[in-house]
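In order, the protein sequences belong to chains A and B.
Start counting at 1 in the first sequence, then tack on 3, and there's your number in the numbering used here.
Start counting at 1 in the second sequence, then tack on 3, and there's your number in the numbering used here.
Even glycine gets a Cβ: it sits at the ideal position worked out from N, Cα and C.
Here the structure is a predicted model, which is why all the values come from computation and not from measurement.
Below you'll find the structure, written out as structure tokens, and then a few comments.
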Amino acid sequence: MKIAVCIKRTPDSESRFKIAASSTAVDETGLKFDIDDFASYAVEVALQINEKQGPGETVVVAVGPDVVQETLRKAMSMGADRAVQLKTDAIPYDGLAVAKALAAELKAGNFDLVLFGKHAFDTSAGVVGTATAELLGIPCVTAATKLEISNGRGVARRELEGAAEMVEFPLPAAVTIDEGIARPRYPSLKGIMAAKKKPLETKPAQLGAVRVTVKAMELPPERPAGRIIGEGTAAIPELIRLLQTEAKVL
Amino acid sequence: MLDFFNIDSLLSEDERAVRDSVRRFVDERVLPIIGSCYVDGRFPKEILPDLAELGVFGANLPEEYGCAGLNNVAYGLIMQELERGDSGVRSFASVQGALAMYPIYAFGSEEQKKKHLPRMAKGEVIGCFGLTEPDFGSNPSGMITMAREQADGTWILNGSKMWITNGSTAQIAVVWAKTNGDKSDSSIRGFVVPTDSKGFKSKDQKGKLSLRASDTSELVFQDLVLPADAILPKSGGLKSPLMCLTQARYGISWGAIGAAMACFEEALEYSKTRVMFDRPIGGFQIQQERLAEMLTEIVKAQLVSLHLGRLKDAGTFTPQQVSLAKRNNVSIATDIAREARRLLGANGILAEYSAMRHMANLESVYTYEGTHDVHSLVLGQALTGLNAFK
């Protein structure tokens, strides 16, 4: 099968974040970036489908400046066959603009399946997958925790609050991938060396108008330090009083 | 991992990618189990297939023999990450790659290389390295293990080896022996000995208080018959095994940094969360000095090994430079592990934390692959031209 996986470069989720002087972005100094976790699950799903179904092609696509090439090579070191960078000065916040750039690249590609992460760790917007599917005019399933493909059709499992649903759809289709579906493989050392030789194409991104931008960012207020109000059962009346009058949760 | 000196900026993208892949493997597959492996005194064999799949064995040997063909800095970073897990895990990889695969690569025939190296890279065949003997450690030239060539070209091997990492796990042992009754060290040759040969015995060395998550064994060869093609044709004299040790020691200089990093990170985290006298202990000057000292020595060690790796890739490094790096880095790691254990207070003696495990492991690393003292004398000789061994 011909599978495209759209991936994003995001900061390591375990980083300590500071807001940049511009107050509209995160300060990138000292931050470590990598393929977004959800995108890495999508790459793993694509690789597994093609390994199971025999010869196919897995193409990874990313929108962004040249630093995304490292992220694309990471996906190729996992096993993707080739990569396309849709070059921009920065990754725009407007998910529809990103989707337009991706759709422009993917529409002539004859892909059977287009995979995305459910959302990216940095914006948690979850727009790009569905918007790209809409622009390509193909069915879209979001937040899949299982995906089976056979005979030109797909079946995906989606987790709901207290239940799960199985949905069926014809190919070509777009699916956004949730966690728990597959553990992304470790890029093998041979894979890392091989990725350097795999094709990575760079094209200008056809973003169109970027209409959504970040005006300001702020960190949540620091939590006040905890305090000990007493010990054992003797402290309960005071605890209840404070939960009612101060925390106002009772 | 704190990168206080932005040393990452001195690494290439693929060097960082290799490091990050092995780092994730160690975080996910080694750290959750290694404490209990240590307490139980067992090597975590279950990780071997995936470790092989990752490609860490002989990773700096060429692709034509099924290896990853990495440069020596990437190889060093692998050792660093493995030892961040445990010195026993790094020792396994050092022995497999630098002490079993490397001599076959450097001194073996093309047939031997093609036969052994791809299977060893895949972890299907495990190797060990037999040089040290019960009475000959720092002076391997005194070894008494002897191989005698028979009229039909086969060899008969007699002797014993001690402190052999992977000795009871291995399918093949690269054994160094004097030949044909010649007691000078120029007669030393290397042999690839299948461990299922008649006359081969291995015995697990019990009672270790260090490297408990590692197989350390004694090997005994009694009238062990080897085919003519068991000899490594290009090996000759004590220089051959010493060349292997230079490879392994280079990796150890990196590995020790990993153990030190693990202890430092653990101590730093603990200092921020452990409250005593109503504030985190990291707020006390004595702990801050400990942490500052640890960080400084780690940064220095990283720069030493990185530069040594660049020299090795350029083909200009010397065994004496390797001695300096191994001596310094293992020594500072040993100190850092001890200081981290102390910072952790009573918790520092538990296997749940890593500091005391690393501290005990590093005493072996301090002693093996040329003791700290022997490396002092190597440097002394390089400086003065006077040999303290003779």
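> When the cut-off is 8 Å and only beta carbons count, does Leu347 of chain B lie next to chain A?
Replying inline: Sequence index remark: in the second sequence, residue 347 of chain B carries index 344 (1-based). No, Leu347 of chain B does not count as interfacial toward chain A.
>> Using a Cβ-Cβ cutoff of less than 7 Å, which residues in the same chain neighbour Ser94 of chain B once the five nearest sequence positions on both sides are dropped?
In response: Position 91 of the second sequence, counting from 1, holds the residue named residue 94 of chain B. Result list for Ser94 of chain B: Thr168, Leu214, Ser217, in chain order.
> In the segment 13 to 81 of chain B, which residue ranges form an unbroken alpha helix (DSSP H) of at least 4 residues, counting only runs that do not cross its ends?
Replying inline: 16 to 28, 34 to 43, 51 to 57
> chain A beta carbons: is any one of them nearer than 8 Å to that of Val196 of chain B?
Replying inline: Here residue 196 of chain B corresponds to residue number 193 of the second sequence, with the count starting at 1. Judged by the 8 Å Cβ criterion, Val196 of chain B is not in contact with chain A.
> How many angstroms separate the CA atom of Gly395 of chain B from the CA atom of Met165 of chain B?
Replying inline: Here chain B has residues from 4 to 393 only, and residue 395 of chain B is not among them.
> If we cut at 8 Å on Cβ distances, does Leu73 of chain B have a partner in chain A?
Replying inline: Numbered from 1 along the second sequence, position 70 holds the residue referred to as residue 73 of chain B. It does: the Cβ of Leu73 of chain B has a partner Cβ on chain A nearer than 8 Å.
> Around the C-beta of Lys206 of chain A, are 16 or more other C-beta atoms found within 10 angstroms, so that it is buried, or is it exposed?
Replying inline: Reading the first sequence from its first residue, position 203 is the one you call residue 206 of chain A. Exposed.
> Which whole-angstrom value is the C-beta distance of Ile180 of chain A and Val63 of chain A, which I expect to be below 8 Å?
Replying inline: Residue numbering aside, residue 180 of chain A sits at position 177 when the first sequence is read from its first letter. Residue numbering aside, residue 63 of chain A sits at position 60 when the first sequence is read from its first letter. With a Cβ gap of about 14 Å, Ile180 of chain A and Val63 of chain A do not count as contacting.
> Listed in chain order, which residues of the segment 50 to 81 of chain A have Cβ atoms closer than 8 Å to some Cβ of chain B?
Replying inline: Glu73, Arg76, Lys77, Ser80
> Taking the DSSP output, what are the residues bridged to Arg226 of chain A?
Replying inline: Counted from its first residue, the first sequence places residue 226 of chain A at position 223. Per DSSP, none; premise fails for Arg226 of chain A.
>> For the segment 213 to 232 of chain A, list every residue whose C-beta sits within 7 Å of some C-beta in chain B, in sequence order.
In response: none
>> Whole angstroms are fine: how far does the CA of Gly44 of chain B sit from the CA of Gly38 of chain B?
In response: Here residue 38 of chain B is taken as the residue at index 35 of the second sequence, counted from 1. Here residue 44 of chain B is taken as the residue at index 41 of the second sequence, counted from 1. About 10 Å.
>> Only counting the same chain, and skipping five residues up and downstream in sequence, which positions put a Cβ closer than 6 Å to that of Cys9 of chain A?
In response: Here the question's residue 9 of chain A lines up with position 6 in the first sequence. Here the set comprises Val64, Leu105, Phe119.
>> Quick check on Pro262 of chain A: buried or exposed, where buried means 16 or more other Cβ atoms within 10 Å of its Cβ?
In response: No information on residue 262 of chain A is available, as it lies outside the stretch 4 to 253 that chain A covers here.
> Which residue from B:Gly111, B:Glu16, B:His310 puts its Cα closest to that of Ser243 of chain B?
Replying inline: Numbered from its first residue, the second sequence carries residue 243 of chain B at position 240. It is B:Gly111.
>> Taking CB distances under 8 Å as the criterion, tell me whether Arg22 of chain B reaches chain A.
In response: For this step, residue 22 of chain B is matched to residue 19 along the second sequence. Answer no: the Cβ-Cβ gap between Arg22 of chain B and chain A never drops below 8 Å.
> Do three or more CB pairs link the segment 104 to 123 of chain B to the segment 188 to 196 of chain B at distances below 8 Å?
Replying inline: yes
> Going by alpha carbons, who is nearest to Lys125 of chain B out of B:Ala71, B:Tyr253, B:Lys186, B:Ala251?
Replying inline: Translated into positions along the second sequence, residue 125 of chain B becomes position 122. Nearest C-alpha to Lys125 of chain B: B:Ala71.
> Under 8 Å Cβ-Cβ, which residues of chain B neighbour Ser18 of chain A?
Replying inline: By one-based count along the first sequence, residue 18 of chain A stands at place 15. The premise fails here: Ser18 of chain A is roughly 12 Å from chain B at the closest Cβ pair, so nothing lies under 8 Å.
> Taking a cut of 7 Å between CB atoms, which residues from the segment 167 to 201 of chain A lie near chain B?
Replying inline: Tyr189, Pro190, Ser191, Leu192, Lys193, Ile195, Met196, Lys199
>> Just checking: is the beta-carbon of Leu57 of chain B within a distance shorter than 8 Å of some beta-carbon in chain A?
In response: As a first step, residue 57 of chain B must be located in the second sequence, where it is residue number 54. Judged by the 8 Å Cβ criterion, Leu57 of chain B is in contact with chain A.
> Taking the C-alpha atoms as reference points, what is the distance between Leu5 of chain B and Val178 of chain A?
Replying inline: Position 2 of the second sequence, counted from the start, is the residue given in the question as residue 5 of chain B. Position 175 of the first sequence, counted from the start, is the residue given in the question as residue 178 of chain A. Near 37 Å, if we compare the C-alpha coordinates of Val178 of chain A and Leu5 of chain B.
>> As an exercise, report each continuous alpha helix (DSSP H) stretch of at least 4 residues that is fully enclosed by the segment 65 to 120 of chain A, in chain order.
In response: 71 to 81, 98 to 109
> With a cut-off of 8 Å, do at least 3 Cβ pairs link the segment 319 to 330 of chain B to the segment 368 to 386 of chain B?
Replying inline: yes
>> Quick check: the Cα distance between Arg282 of chain B and Lys275 of chain B, rounded to an integer number of angstroms?
In response: Residue 282 of chain B sits at position 279 when you count from the first residue of the second sequence. Residue 275 of chain B sits at position 272 when you count from the first residue of the second sequence. The alpha-carbon atoms of Arg282 of chain B and Lys275 of chain B are separated by roughly 9 Å.
> From what residue to what residue does the beta strand (DSSP E) around Leu160 of chain B run?
Replying inline: Taking the first residue of the second sequence as 1, we reach residue 160 of chain B at position 157. Taken as a continuous stretch (DSSP letters only), the beta strand (DSSP E) holding Leu160 of chain B covers 158 to 168.
> Any idea if Thr145 of chain A is buried or exposed, counting beta-carbon neighbours within 10 angstroms, 16 or more meaning buried?
Replying inline: The residue you call residue 145 of chain A lines up with position 142 of the first sequence. The residue is buried, with at least 16 neighbouring Cβ atoms inside 10 Å.
> Using 8 Å as the threshold, is the segment 282 to 292 of chain B in touch with the segment 226 to 243 of chain B, meaning 3 or more CB pairs across them?
Replying inline: no
> Which value, in whole angstroms, describes the spacing of the CA atoms of Ile38 of chain A and Ser15 of chain B?
Replying inline: Here residue 38 of chain A is taken as the residue at index 35 of the first sequence, counted from 1. Here residue 15 of chain B is taken as the residue at index 12 of the second sequence, counted from 1. Taking the straight line from one Cα to the other gives about 18 Å.
>> Short of 7 Å in beta carbon distance, which residues of its chain neighbour Ser220 of chain B, apart from the five on each side in sequence? Order them along the chain.
In response: Within the second sequence, residue 220 of chain B is the residue found at index 217, counting from 1. Once the five neighbours on either side are set aside, the close Cβ partners of Ser220 of chain B are Ile167, Gly170, Ser171, Ser205, Lys206, Asp207, Gln208.
> So which residues of chain A does Asp30 of chain B contact, with C-beta pairs closer than 9 Å?
Replying inline: Sequence index remark: in the second sequence, residue 30 of chain B carries index 27 (1-based). Under the 9 Å cutoff, chain A gives no residues; its nearest Cβ is about 11 Å from Asp30 of chain B.
>> For the alpha helix (DSSP H) containing Phe110 of chain B, name the first residue and the last one.
In response: Translated into positions along the second sequence, residue 110 of chain B becomes position 107. 105 to 110 is the extent of the alpha helix (DSSP H) around Phe110 of chain B.
> Taking any Cβ of chain D, which residues in the segment 303 to 337 of chain B have a Cβ under 7 Å from it, in chain order?
Replying inline: Checking the listed chains, one finds no chain D in this structure; the protein chains it contains are A and B.
> Exposed or buried, Asp97 of chain A, counting other C-beta atoms within 10 Å across all chains shown (16 or more means buried)?
Replying inline: Translated into the one-based positions of the first sequence, residue 97 of chain A becomes position 94. With 16 or more other Cβ atoms within 10 Å, it is buried.
> Quick one: any contact between the segment 22 to 37 of chain A and the segment 70 to 90 of chain A, if contact means 3 or more CB pairs under 8 Å?
Replying inline: yes
> Whose C-beta lies closer than 7 Å to the C-beta of Leu73 of chain B among residues of the same chain, with five residues either side of it excluded?
Replying inline: The residue you call residue 73 of chain B lines up with position 70 of the second sequence. Closer than 7 Å at Cβ, skipping near neighbours: Val21, Ala62, Asn63.
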